[in-house]
Amino acid sequence: MSKNQNIHELTNMLAIALRHKIGSIVNKNEIYAQKYARDYEIFLKEAVKVSLRENWNEEDKAKIKNELKRKLKKELEKREFIDNKKFDIMDKEINEILDVLKLK
8 MSKNQNIHEL
18 TNMLAIALRH
28 KIGSIVNKNE
38 IYAQKYARDY
48 EIFLKEAVKV
58 SLRENWNEED
68 KAKIKNELKR
78 KLKKELEKRE
88 FIDNKKFDIM
98 DKEINEILDV
108 LKLK
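So the sequence shown is numbered by the working numbering: it starts at 8 and just counts up by one.
In structure tokens form, the structure reads like this:
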């Protein structure tokens, strides 16, 4: 796989993972909150595998962050049942997950 394909796959997985994490945080009293939290862990493990395929330079990291932000915003906009607080914590969660993956 090319580096651009890995970036695309990584940002897709991270956007889905963060959508689930944010959904479980802002709607913690909903029935699906625990399932969303578990799903987040599964998607994160897959994203870690993808992130280890490449040696990322600073330009790649910036591209990953920008693409992830765009994709996550799109994912959250489609999920109207997730409370609108989702947009307030989006940047914080992006920065946290990029720190975990050492992509910041």
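Glycine included, every Cβ here is placed at the ideal spot set by N, Cα and C. Small disclaimer: the values here were computed from a predicted structure and weren't measured.
Taking the Cβ atoms as the reference, Met97 lies roughly 7 angstroms from Ile29, within the contact range of under 8 angstroms. The segment 53–62 and the segment 78–89 do not touch, with fewer than three beta-carbon pairs separated by less than 8 angstroms. Excluding sequence positions up to five before and after His27, its CB lies within less than 6 angstroms of the CB of Tyr43, Asp46, Tyr47, all in the same chain and listed in chain order.
Assigned with DSSP and collapsed to three states, Tyr39 falls in coil, not helix or strand. For Leu79, the three-state secondary structure derived from DSSP is helix. The beta carbons of Asp106 and Asn34 sit about 24 angstroms from each other, so the pair does not count as a contact at 8 angstroms. Annotation for Phe94: the continuous alpha helix (DSSP H) segment containing it runs 93–107. Around the C-beta of Ala69, fewer than 16 other C-beta atoms lie within 10 Å, and the residue is accordingly described as exposed.
For Glu100, the CB contacts under 7 angstroms within the same chain, skipping 5 residues up- and downstream, are Leu25, Lys28, Ile29 in chain order. Considering only Asp67, Ile104, Phe50, the residue with the shortest C-alpha distance to Asn13 is Asp67. For Asn36, the closest of Lys109, Lys111, Phe88, Ala54 by C-alpha to C-alpha distance is Phe88.
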